[in-house]
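K.L.:
Numbering (the UniProt record's numbering), first residue to last: 1 to 272.
Structure, rendered in structure tokens:
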């Protein structure tokens with residue numbers, strides 16, 4: 001069970017978009033994927049709102065469903081989790097026999113943020129969730145909020161791989177630098193390194209400024225920088241709307257570029 005954290009300290013980097021694309025891609029490749037919406041804004045949950053199947057039998061095919069708030073609520077027990085909020089949990093309808101689970105998030109989650117810290121739950125939060133999951137889950141994708149919170153730290157403590165979406169801009173570089181200092185601190189505290197850290201340029205425009213900052217990232221981050229980058233294109237949003245089907249239809253030039261980038265990212269995190 002590989003746990004991948006998509007995280008950024010800067011808004012507008014396309015973090016949620018990449019989390020969704022990567023989840024669709026892995027599901028299309030036959031992986032059993034669980035997508036965890038760790039952002040109280042719930043953008044991942046909202047993006048997945050179409051085509052949902054609220055079928056209890058469907059839930060149980062891949063494992064017991066939960067909602068993030070259930071894990072944050074004080075004094076919750078495993079037994080209580082297994083008996084509650086099935087109606088709030090989401091299983092996406094399989095396409096061609098493939099699908100993925102979503103642990104959704106909603107605005108109320110921010111109310112419990114301090115509970116994680118006050119009760120020293122942060123380091124074990126993700127592992128406590130994964131311990132309740134069936135062994136059949138291959139990949140867990142965590143979409144984090146665009147700021148540091150207890151949920152962000154929980155994802156960093158539990159992840160095997162970190163993907164950092166980054167803009168090719170001055171502020172994008174600053175955001176990456178700040179996050180890497182946090183990552184180094186988490187590595188020290190948890191006592192083990194990550195399998196991989198990938199800095200993924202995203203929403204790149206064909207400008208001289210973008211080229212300059214891409215070169216700066218190559219020089220600065222070297223092997224941590226992704227081999228391909230995602231261009232700024234409306235085709236990404238079309239693929240998000242199409243879901244898993246986006247990877248089984250014909251590809252134009254813009255979509256081919258996206259597919260190359262997502263396949264390259266998949267290779268870097270070594271999940272297939």
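Where a beta carbon is used, it is the ideal one built from N, C-alpha and C, also for glycine. Bear in mind that the values here come from a model prediction, so they are computed numbers and not experimental data.
By the three-class DSSP mapping on this structure, what secondary structure does residue 178 have?
P.N.:
Residue 178 falls in the helix class under three-state DSSP.
K.L.:
Which partner residues does residue 196 have in the DSSP bridge list?
P.N.:
Residue 196 is bridged to 161.
K.L.:
Quick one, which of 13, 12, 38, 17 has its alpha-carbon nearest residue 153's?
P.N.:
Checked all of 13, 12, 38, 17; the closest Cα to residue 153 is 38.
K.L.:
Taking Cβ to Cβ, would you say residue 157 is nearer than 8 Å to residue 123?
P.N.:
Cβ distance < 8 Å, so residue 157 and residue 123 count as in contact.
K.L.:
Which residues in the same chain have their Cβ closer than 6 Å to the Cβ of residue 227, if we skip the five residues on either side of it in sequence?
P.N.:
So the qualifying residues of the chain are 264.
K.L.:
Output the distance between the C-alpha atoms of residue 8 and residue 15, rounded to the nearest integer angstrom.
P.N.:
In a straight line, the C-alpha of residue 8 is about 7 Å away from that of residue 15.
K.L.:
Is residue 204 helix, strand or coil by DSSP?
P.N.:
Strand, per DSSP.
K.L.:
Quick one, which of 46, 201, 255, 139 has its alpha-carbon nearest residue 218's?
P.N.:
Looking at the Cα atoms, 201 is the closest of the given residues.
K.L.:
Which whole-angstrom value describes the C-beta separation of residue 172 and residue 213, a residue pair presumed to lie in contact below a C-beta threshold of 8 Å?
P.N.:
About 7 Å separates the two Cβ atoms, so the contact holds.
K.L.:
Per DSSP, what are the beta-bridge partners of residue 100 in this structure?
P.N.:
Residue 100 pairs with 33.
K.L.:
Less than 8 Å between the C-beta atoms of residue 26 and residue 161, yes or no?
P.N.:
No, these two residues do not count as a Cβ contact at 8 Å.
K.L.:
Who are the near neighbours of residue 258 in its chain, counting only those whose CB is closer than 7 Å to its CB and skipping five residues on each side?
P.N.:
Once the five neighbours on either side are set aside, the close Cβ partners of residue 258 are 230, 235, 236, 239.
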